[in-house]
Each structure stands twice: as C-alpha cells, then as structure tokens.
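Report on the structure given below.
4 protein chains.
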Amino acid sequence: MKNHRQAFQQDNKNRGRLLISCPDQPGIVAAVSQFLANHQANIIESSQYSTNPEGGDFFIRIEFECPDIESKKPLLQEEFWKIAQSFSMEWTLSFVHDLRKAAIFVSKELHCLRELLLEWENGDLMMDIPLVISNHPDAKDFVESFGIPFVHIPANKNNRQEAEQQQLKLLEEYNIDIIILARYMQILTPTFVKAYSEKIINIHHSFLPAFVGANPYARAFERGVKIIGATSHYVTNDLDEGPIIEQDIKRVNHRDQVEDLKKNGRIIERSVLVRAVKWHIDDRIIVYDNKTIIF
Amino acid sequence: MKNHRQAFQQDNKNRGRLLISCPDQPGIVAAVSQFLANHQANIIESSQYSTNPEGGDFFIRIEFECPDIESKKPLLQEEFWKIAQSFSMEWTLSFVHDLRKAAIFVSKELHCLRELLLEWENGDLMMDIPLVISNHPDAKDFVESFGIPFVHIPANKNNRQEAEQQQLKLLEEYNIDIIILARYMQILTPTFVKAYSEKIINIHHSFLPAFVGANPYARAFERGVKIIGATSHYVTNDLDEGPIIEQDIKRVNHRDQVEDLKKNGRIIERSVLVRAVKWHIDDRIIVYDNKTIIF
Amino acid sequence: MKNHRQAFQQDNKNRGRLLISCPDQPGIVAAVSQFLANHQANIIESSQYSTNPEGGDFFIRIEFECPDIESKKPLLQEEFWKIAQSFSMEWTLSFVHDLRKAAIFVSKELHCLRELLLEWENGDLMMDIPLVISNHPDAKDFVESFGIPFVHIPANKNNRQEAEQQQLKLLEEYNIDIIILARYMQILTPTFVKAYSEKIINIHHSFLPAFVGANPYARAFERGVKIIGATSHYVTNDLDEGPIIEQDIKRVNHRDQVEDLKKNGRIIERSVLVRAVKWHIDDRIIVYDNKTIIF
Amino acid sequence: MKNHRQAFQQDNKNRGRLLISCPDQPGIVAAVSQFLANHQANIIESSQYSTNPEGGDFFIRIEFECPDIESKKPLLQEEFWKIAQSFSMEWTLSFVHDLRKAAIFVSKELHCLRELLLEWENGDLMMDIPLVISNHPDAKDFVESFGIPFVHIPANKNNRQEAEQQQLKLLEEYNIDIIILARYMQILTPTFVKAYSEKIINIHHSFLPAFVGANPYARAFERGVKIIGATSHYVTNDLDEGPIIEQDIKRVNHRDQVEDLKKNGRIIERSVLVRAVKWHIDDRIIVYDNKTIIF
Numbered sequence: 001m002k003n004h005r006q007a008f009q010q011d012n013k014n015r016g017r018l019l020i021s022c023p024d025q026p027g028i029v030a031a032v033s034q035f036l037a038n039h040q041a042n043i044i045e046s047s048q049y050s051t052n053p054e055g056g057d058f059f060i061r062i063e064f065e066c067p068d069i070e071s072k073k074p075l076l077q078e079e080f081w082k083i084a085q086s087f088s089m090e091w092t093l094s095f096v097h098d099l100r101k102a103a104i105f106v107s108k109e110l111h112c113l114r115e116l117l118l119e120w121e122n123g124d125l126m127m128d129i130p131l132v133i134s135n136h137p138d139a140k141d142f143v144e145s146f147g148i149p150f151v152h153i154p155a156n157k158n159n160r161q162e163a164e165q166q167q168l169k170l171l172e173e174y175n176i177d178i179i180i181l182a183r184y185m186q187i188l189t190p191t192f193v194k195a196y197s198e199k200i201i202n203i204h205h206s207f208l209p210a211f212v213g214a215n216p217y218a219r220a221f222e223r224g225v226k227i228i229g230a231t232s233h234y235v236t237n238d239l240d241e242g243p244i245i246e247q248d249i250k251r252v253n254h255r256d257q258v259e260d261l262k263k264n265g266r267i268i269e270r271s272v273l274v275r276a277v278k279w280h281i282d283d284r285i286i287v288y289d290n291k292t293i294i295f
Numbered sequence: 001m002k003n004h005r006q007a008f009q010q011d012n013k014n015r016g017r018l019l020i021s022c023p024d025q026p027g028i029v030a031a032v033s034q035f036l037a038n039h040q041a042n043i044i045e046s047s048q049y050s051t052n053p054e055g056g057d058f059f060i061r062i063e064f065e066c067p068d069i070e071s072k073k074p075l076l077q078e079e080f081w082k083i084a085q086s087f088s089m090e091w092t093l094s095f096v097h098d099l100r101k102a103a104i105f106v107s108k109e110l111h112c113l114r115e116l117l118l119e120w121e122n123g124d125l126m127m128d129i130p131l132v133i134s135n136h137p138d139a140k141d142f143v144e145s146f147g148i149p150f151v152h153i154p155a156n157k158n159n160r161q162e163a164e165q166q167q168l169k170l171l172e173e174y175n176i177d178i179i180i181l182a183r184y185m186q187i188l189t190p191t192f193v194k195a196y197s198e199k200i201i202n203i204h205h206s207f208l209p210a211f212v213g214a215n216p217y218a219r220a221f222e223r224g225v226k227i228i229g230a231t232s233h234y235v236t237n238d239l240d241e242g243p244i245i246e247q248d249i250k251r252v253n254h255r256d257q258v259e260d261l262k263k264n265g266r267i268i269e270r271s272v273l274v275r276a277v278k279w280h281i282d283d284r285i286i287v288y289d290n291k292t293i294i295f
Numbered sequence: 001m002k003n004h005r006q007a008f009q010q011d012n013k014n015r016g017r018l019l020i021s022c023p024d025q026p027g028i029v030a031a032v033s034q035f036l037a038n039h040q041a042n043i044i045e046s047s048q049y050s051t052n053p054e055g056g057d058f059f060i061r062i063e064f065e066c067p068d069i070e071s072k073k074p075l076l077q078e079e080f081w082k083i084a085q086s087f088s089m090e091w092t093l094s095f096v097h098d099l100r101k102a103a104i105f106v107s108k109e110l111h112c113l114r115e116l117l118l119e120w121e122n123g124d125l126m127m128d129i130p131l132v133i134s135n136h137p138d139a140k141d142f143v144e145s146f147g148i149p150f151v152h153i154p155a156n157k158n159n160r161q162e163a164e165q166q167q168l169k170l171l172e173e174y175n176i177d178i179i180i181l182a183r184y185m186q187i188l189t190p191t192f193v194k195a196y197s198e199k200i201i202n203i204h205h206s207f208l209p210a211f212v213g214a215n216p217y218a219r220a221f222e223r224g225v226k227i228i229g230a231t232s233h234y235v236t237n238d239l240d241e242g243p244i245i246e247q248d249i250k251r252v253n254h255r256d257q258v259e260d261l262k263k264n265g266r267i268i269e270r271s272v273l274v275r276a277v278k279w280h281i282d283d284r285i286i287v288y289d290n291k292t293i294i295f
Numbered sequence: 001m002k003n004h005r006q007a008f009q010q011d012n013k014n015r016g017r018l019l020i021s022c023p024d025q026p027g028i029v030a031a032v033s034q035f036l037a038n039h040q041a042n043i044i045e046s047s048q049y050s051t052n053p054e055g056g057d058f059f060i061r062i063e064f065e066c067p068d069i070e071s072k073k074p075l076l077q078e079e080f081w082k083i084a085q086s087f088s089m090e091w092t093l094s095f096v097h098d099l100r101k102a103a104i105f106v107s108k109e110l111h112c113l114r115e116l117l118l119e120w121e122n123g124d125l126m127m128d129i130p131l132v133i134s135n136h137p138d139a140k141d142f143v144e145s146f147g148i149p150f151v152h153i154p155a156n157k158n159n160r161q162e163a164e165q166q167q168l169k170l171l172e173e174y175n176i177d178i179i180i181l182a183r184y185m186q187i188l189t190p191t192f193v194k195a196y197s198e199k200i201i202n203i204h205h206s207f208l209p210a211f212v213g214a215n216p217y218a219r220a221f222e223r224g225v226k227i228i229g230a231t232s233h234y235v236t237n238d239l240d241e242g243p244i245i246e247q248d249i250k251r252v253n254h255r256d257q258v259e260d261l262k263k264n265g266r267i268i269e270r271s272v273l274v275r276a277v278k279w280h281i282d283d284r285i286i287v288y289d290n291k292t293i294i295f
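Protein chains in written order, with the UniProt record's numbering: chain S, 1 to 295; chain R, 1 to 295; chain L, 1 to 295; chain W, 1 to 295.
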C-alpha cells in the first residue's frame, strides 16, 4: 500500500482540482481558465453542467497540472478567492497529493469493509484510513491485519450521545475528512450529521426510494420484486433521504429467499459503496438541491 | 403475420402445456409423467419449484409433444382431471396451436402499443389481437394499418362504469383471454378487474414499489435517482400492488431532466411489457401469494 | 415531426457547438473561452479530454448560447480560424438549428430502420431524413408513410460500382451529411467510404471484435456464448474494424437457438444504432487513433 | 466456516441430485420420477432441456429429498444403474452433504483467489478447499490465514512437466474433484487436462471469443471497445476454446487506459469465476457439444 501511495503522490505532485458552483453567467470559464493559464497550469480534464443558461446555476470540475504547485498553494488560494468573489462562487481547490483521511464505521456485516480495505490495499482507493470504528468487536483482527487502528465503541439506542462523543473526539484527533458507513447499523444524531455535512457516505441495502428503513431485503422478498438494489448516499437527518450518489441492481427470481437476496445484495452493496467513495475522494461530486452532480 | 402464425401453428400442432400448483408431496412428478407417457407424450421442457419439501407448495410447468393431440384433447382433459383430484391440483392444460386472444388498451402514449404490434407482426408474439381499445383516437391509423379493429371508447373518471360496460361487452364478443394495458391511463373498477383476474397485464413506468401512482418520472427526478425503471404486473384492486411479472432499469444522470427520464423510460417500458406478455402467452407464469413464479 | 423540429430549432436558435482536437499545451481553454466571452457567448456544457498533459493530445466539446448567433456566423468562423491556427487545431463549429441531413441505407431486415424513423418522428432524433435507399423494395411503404422518399437501387456483388454511382449522385443531390447503414447488407467500395469518411455509421450484429464478418449469430451459437452483442462503428475499408462508437449486450442461454439469438439481437442492434446516431448528430464524437472519444 | 458447513450438511443430509444426459424419447421422466417415488424421494427442483423432441438429446437435473438417504446410497446407485442402461444415459447421482474438494491454482494476481476464499468463509461456496497451489509465493499468508495449506510449486515454460507431476501427486493425495484456475498464468499440458476433463474451471480476462490468448486488456484498449468482459470456461487443449460457463461485462470509455481496464476487469473476473464454481459444485452444468447447459 505504501508503495502505491507514494507512487501516486509522486505522479500527482503538481496536480490540482477546482470544484465550483455559482449562478450562471457568461465569462466564468474564461475567467477561471485565464487564471489557470496565468499560473502555467494546464487543464487536464474538465466537465461542466448548467441547470439553465439564463438564471440557472453553473457547476464545473477542473483537473489541472501546475508546475511547482506545492510552492504556489497559498498564492493560488488567495488569487482564486478574488475570482470566486466576483462570481459568487462556492468552491474548493484541492491538491491531489494531499490524500483524504477516511474513517470507516462498521457493525457486524463485514463485506463492505472488506471491499474497501482490499481496494485500498490494491491502490484503487487513494486515501488514508487512519481508523475503523465499530460498535462490535468482530472486525478487529481483519482491520488490524492492514495495520489500521480498530476502535470498538459499543453503541446502541441507549448510549447514542456518549458513543458519538467518543467518536467525534477520535474523528477530530485524526483529522478525518470523510466518514464511510460500511453497513453501520446505528442512526446518527443531528449533531453528528451536522458536524460532517456532505461528508458521511452511507450504503443502504435497497434501491431507494423503495424500502426506506429497516429490513429492506425482507420487504423486497415480500413484495416479489424481480430486481434488488443498493444505494449509496450522503447522510442527512431524514433517514435514507439524503442525496443519492450511486445505485446498482441485480436480478433475482422466485427461487431466491430472503437469505439469497441478502447474499446477492452484498455483491452490489460493496461495489456501489466503493464507487461512491472513489468519486468523493476524486472530487467528482457536487451536492445540489438534495441531488448529486457526478462529474 | 398470417404466414408466421400458420407456420407456428403447424410446427406446434402436437404441442401441449401443463401448468400445475398443489401442496407438495412425493410422487407428483411420477404421476404426471406417467400420465404423459401413457399417451405417448414426450416431455420437451419442464421446470419445477417447491416452496418447501415438507408442507410447502409445488409448482410445475411441462411442455410436451403428443402425437395426434388434436383428437386426444377431451381424453387428456378428462384423464388428467382424475390425477388433479388426487393431488388437489390447480391446473391448466393448454394446446400451443390454440393462440390466445389479446385486447390491447392504450391512451395517448403509443410506444408500448407500437412495440407490441411490431413484435406481433415479426412473429415474435404468438397470439391473436382481435381489437385495440383506446380512450383517445390517436392510435387509430396505426392500429388499422395492421388490419386490427380499433375502438374508441372515451373514458374518464366520470363515465368509468358506462365505458367499462362497453369494453366488457366487446371483450366477451371477441372471446378475449388477456388484456394488455399498454400505458392505458385509466383506473379499472373492481368489477372489471374481477372479471379478468390474473389476465390483465399493466406496465407501470417506475421501478415498483418506488413511485407508486401518478407522475413517477417527475418524482424520480425530484428524488435524484441514478437509475429509473419500469415494472409489468398483473392488475389487482390495489393500485400498482399486483404481482410483479418483470422489471428492468436504465441508468440516468444529473443532466437528465424529467423529459429525458420519460424518453429513456419508454425504451424499457416497451421491452418489459413485451417480455411479460410473452411469458404469459407461453404459460410461463404462476401467481402465488401476490408474487409470480416465472418458469 | 414538423412541430417537434420547429420547436427544437426555435429553442436552439442561438446554440452553437465547438469540437476541437489539437496538441495539448497550457492556455487552450483560456483562449477558447475568452473568444466565446468576447462574443457574449455563455458556455452551457463542456467536456474535455487529454491523452497526456505533456506531449499528448487535447480534445474538447463546448456547447454555448450566443445571442444573435445567426448574424454572427461568418464572424465567429473567421475569428475562430485565427485561434485554431495558433494552436494547430482541427475543429468544427456547428449551429444546432442547422439540422444534419441523414440518408438511411437498408436491406431486408427493417427493425433498425423502424426504430430510427419512430425515434425521429417522436422528436428524439433531431435531423432531417431526405431519403432512404435500399437494395430491396421491402421498406417502401413503411418509409413513404413518413413522407420520406424511398429509392430502390438493386445492389449486389456484381453491380457494386454502378449502384454506388447512383447512390453517390443522390447523396450529393440531397446534400447528405451522414449515412446510416441500418442493416444494409452490402460492402461499400473504398471510393464510397472515402467520400464520406467518418460519416458512415454501421451497426454490426455482434460484440466486436468477436465475430467479425458474416453470420455472427450462427457463430455465436456455435461457440456457446452466454452473452450476445451489437456494435455501432464508423465504416472504414477494413471490414468491421472501424472506430467503435457504442456497444451493448444481452444475456442468452442454452435454450436459445440461432433464431432466438437473432430475435434478441434485434432489440440491442436497434438501440445501439440509435444511440450512435444521436451522439453523432449531437457532435459528441471525435475519432482519434481508430477509436472514438464520446463526450 | 466450520459452522456454516456443518449446518449446511445437516440441512442437506437427505438431499440428492441426479444429472442425466441421453437420447430423447418418451418415458424418461416417468421412469426417473417413478424410481424416486419408489424410494419415497420427493423432487424439490427439476429442470429439463431437449435439443429436439425427435432424434435429439435430453438433459435433466433433479434435486430431491429422500429420507435416510445415507443408508440407501448403494441401493439408489445400483437400481438407477438399470434405468440408466435402458435409456443409454450418462448420469451422476450425488449427495449434497458430500462436499466437493476444490484445489485453487493462482499466480500473482490475487483478486479471484480472495473472492473465492471470502465467499467460501461466508458460507456462500459450499465445498472443501484442501489446498491452494501457486507458482509464486505471494498468496501464502493470505491463504494460510484461512487455515488452508499453501503449496508453492515454481512453474514456467521450462519445467512444466515436473511441476505438473508434483501438482498431480498433490491433487490425488487430497482427492481433489475440481481445479479452479484463479488467474493461474501457466498453460496446462494435455496430460494434465485429460486427467481432470470438465473439472478444470478457468477465468479468462476477456469476453470470449474476443481476445483469445495473452494481454486481452491491452488488445481491448487498442481496439477501442466500449465494453470489456470476462469469461469462465472449462479448460480443454484448445487455448480459451473450452465450453463457456459464464460471462459478464462492464462499460468502459475513452478515458480508461489499459490499467483502468484491468482494474474494472478484476471486478467482473472475480464474480464470473465465483458463479461458475458455484454452478459446478451445485451440479448445475452439463457439457454438451463444447457448450454448457446451465440448469
């Protein structure tokens, strides 16, 4: 893993990304691209979306290569701030070699955690994973075999607040940027959600908005659906109502019992969650109007 | 079309199908297969499903080739009746060369109707289509170009009963076996539904149970789903709650507006409906516990 | 259809598109976006791809809204020419209200032709279709029912050159921009292909590069594949070796005979071809190194 | 794992399966089902396929529940032998609680091995895995963490025969029933293949028959395909020409370099291989005419 990471950071030592939302008007791309050209930055990839050319909103993701970006960071931030002001932009400028720090939360079902750690070890998820938190001890050995600290914080309906306080303290201590709920079966309080707004990614084991809430596979079986699904979304205070990032499905048939739906579902849950996390750490997602724009 | 049909009927002049449900117990297959062997019938295709070997239910679909089946029809029916009695079977024995008679109901959106008629003309839907009924005149020319009678019966919330009486009279007159709601935008009364129980196939333009009811695409857009769907089901008196026959999906993204979802949806609606109809006329469907077994 | 078209042209009367390829270097986007800003054009959608930031190639598609574009057309062309020179660009500037003129070539299998004409009539394929050419008379009635001229030019191995001369004369006469081979079962000569380079779109009834050439379904059956496919590509002089635009697949199983593969295949052939044509007329395709970039 | 296995064996202690191929004729199902009824066996699942009712071949898979099957094993085998004789059947009668013994062969790419072992540990692949053999030492720790012996047998072009002799000795010693090539990058000799005919399952990293042989992803990239695939098949002496068991695909686009195709490919390779193995150990596969019938 270390080798993958170092090679990636070396390959991307001059790579930056801009993610911008603002009211649409002529001249935005010209201003941004002129700014980049002025700093000898070459645009490598760019995607844009406008809700409506007149009076709508404008969104862009730009990935660029800029020589000696390390030394120019403060300057770039400062100068872009002026452009951002004049176009009323919400924006982030990130540097690809600064890896995100992700905390994974898990309960007893480990398939999503496993997929995340294996993809991470392969070098297919470029982020740091400073810790895994669980309300059960089951994942301890597996997590520690990757050299990642595992923290067991028993959590349930009755001790939610205390458990979250412990969690928040750890998240702060480790400078966590993104929380991945890898089948973490506890509801988070509004305080927690607010502290990591648009930074908590959940995997729900149904094709939302079908089967919001508990036991989606049992209810899918009951309804006799021919296709099951999984949905990854940002967590908000409305249960399973946050902005959807990615969904996928799998065919089932009358022979499949609830257990079979669960087995089949695991295969899509894990890949949907990994895709959502990948897009998040690649700065490909903008949340807009409780939906996601995926560049 | 006539040539396709005649060739098909000739090819299948000795072909029969048994569709059976009953409480499971040892010896069912032996009894049925012995019965067929006694009549020199050769089993061509057979699929079986049991919910539970002890105290569960048993389902089977058997397709067989039986020399001189035409002359043996009454005998087969009569003799099978005895076996059916002894195992408490619900059953149908059908003869493949006796084509089903389908009535198609349509409103203003014609893509499903078109697909049905084109597939029918290709010889890919082996049934008779004695009439098309619509509450709008739009489809008239297209339907009549296939030599199929088109009946315009204005129907809406206010005249539902009278309209249905006209419809029922026509359905009886034409000996209709199956009613296909090809985006027919009227709700049917319990009287109508009861008269054609498990014989009315609808296409709903969402991935049920998500977006039951009106305007599913607008609601899918609002929710920001990444995948849209279509569902074909038998009509019951609970709106969009009948046994699901088939579903399919299509990826969409943030660029897709409601109109785009509709356009993309049409492509899956039409193919899902055609598959459902095909399975119905091929005697591949058994309804069980508000679900379908598809053999 | 006329209403769809007029509404579309009205909605897009100020809409333009730039499609650019050139050696990559810093400042390209800045120059192009400054040019558009100078003409009060607002960029609505933009996608970019670079093969390699250093010494690689750069590709961009920009869709923009420019007030009074009609009166500015010559000016835009002329001024952009200067930018294009300085960056060694290959480029096209197109105006969305100027619809492409497509000729459809067809033989005896009509499913792709049907899909194209129905999608066109729905308003889902915004182009003009001045004529359909066939080496068989079968499609005549269907084509003419849309008010489109149908020309029967018998073509086979022996009269290829004369047939093509007739075809080329018609294509020129009708100012055809794009030729759609909707299961046209004749090979085109190098002369013909050269005259419409990157403007002839074919649908091949296999998942290329599997089953290049004749009888792909029979060969797929022979090999026992579990998935069949269809491929749309630009025609070059190497049979079925041109740049692939789009592919799709469908599951099959051991019960499917060659005829069933053909039936299933038709469903994907038609949708793959329609998508490829749509992307072409929306200026979403750049051919590069015998591959396609699809924006 | 042990708990899963014991529970499975207990649940299936009376479960048997018949897999039969023979020339088609009337009366086969009657004879087989009568035989089962005579032994108080209840047919739980049954699927049948005939290539042609007249002069064709007949295939059936029957799963049944038979009280005290353990004590009846020799009797069932002996009595069925008589029926088999009279219909010229090829057949296997297997008992579900007798788990298959699989050996996994692997080289340096470990994603397929990982998936197999994790699915196995989950209880989703009901078989024994007495050993893993590799021509590289990389997988040692991972394999041994599951308590499975790992044997490193360096193998390459030059020592193929000696390496295979060591392997064959181990396979015999451990009574191996099935060999899974989980990205094992060595070609097997005809002697080896013959010894385990229709018992060696390979995963090829392309959508066969496209890209037979080495470096399929590099060649897929070169050709500019829009969809990549993976194929699981039984190994024969014709490279990548054995009976296809399962295939699956994944969309790619012009941004995907060879490395990206490999990453995306791993996701389908592993699930395709697991499905193929599952069907094999569930006795769902009959090889016929270099194709597979999957029940």
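Don't be surprised by glycine CBs; every beta carbon is placed ideally from N, CA and C.
Quiz item: So S/I267 packs on R/Q247, CB below 8 Å; how close in whole Å?
Solution: Not confirmed; about 18 Å, so no contact.
Quiz item: So which residues of chain S does R/Y49 contact, with C-beta pairs closer than 9 Å?
Solution: H254 and R255
Quiz item: In whole angstroms, what separates the C-alpha of S/P67 from that of S/H97?
Solution: 14 Å
Quiz prompt | Closer than 8 Å to chain R by CB, W/P74 | solution = no
Exercise. Indicate whether the contact test is met: 3 or more Cβ pairs, each with one atom in the region 21-41 of chain W and one in the region 2-13 of chain W, closer than 8 Å.
Key: no
Self-check item: Buried or exposed by the 16-neighbour rule on C-beta atoms within 10 Å, applied to S/E259
Solution: exposed
Quiz item: Which stretch, first to last residue, makes up the alpha helix (DSSP H) that contains W/D141?
Solution: K140 to E144
Exercise. Kindly indicate if chain W contains any beta-carbon less than 8 Å away from that of S/S271.
Key: yes
Practice problem: Evaluate the contact criterion for the region 106-120 of chain L versus the region 69-79 of chain L: three or more CB pairs, one atom per stretch, below 8 Å. | Solution: no
Quiz item: With a cut-off of 8 Å, does the C-beta of R/N42 fall near any C-beta of chain W?
Solution: yes
Quiz item: Which residue's Cα is closest to the Cα of L/A31: L/E63, L/L261 and L/F87?
Solution: L/F87
Practice problem: Compute the distance between the beta-carbons of S/A139 and S/L181, then report whether it is under 8 Å. | Solution: no
Exercise. Hey, could you find the ends of the alpha helix (DSSP H) W/R160 is sitting in?
Key: R160 to E173
Practice problem: Identify whether S/P200 lies in helix, strand or coil by the three-state DSSP scheme. | Solution: Correcting the residue type first, residue 200 of chain S is Ile in the shown sequence and not Pro. Correct three-state label for S/I200: strand.
Quiz item: Using a threshold of 7 Å, is the CB atom of L/F87 nearer than that to any non-hydrogen atom of the ligand COA?
Solution: The ligand COA is absent from the structure shown, which contains no ligands of any kind.
Quiz item: Considering only residues of the region 6-84 of chain R, which uninterrupted beta strand (DSSP E) runs meet the minimum length of 3 residues and lie entirely inside it, listed in chain order?
Solution: 15-23, 42-50 and 57-65
Quiz item: Rounded to a whole number of angstroms, what is the C-alpha to C-alpha distance between L/P130 and L/E63?
Solution: 26 Å
Practice problem: Using a Cβ-Cβ cut-off of less than 7 Å, list which residues of the region 204-237 of chain W approach chain L; keep chain order. | Solution: F207, P209, A210, R223, G224, V225, K226 and I227
Quiz item: Under the rule that 16 or more other beta-carbon atoms within 10 Å means buried, what is L/L19, buried or exposed?
Solution: buried
Quiz item: Can you tell me the Cα-Cα spacing of S/K291 and S/E241, whole angstroms?
Solution: 10 Å
Quiz prompt | Alpha-carbon spacing of S/F211 relative to S/R219, whole angstroms | solution = 7 Å
Exercise. For W/I133, name the three-state secondary structure that DSSP assigns.
Key: strand
Quiz item: In this structure, does DSSP put S/E109 in helix, strand or coil?
Solution: coil
Quiz prompt | Cβ neighbour criterion (16 or more within 10 Å) applied to W/S145 | solution = exposed
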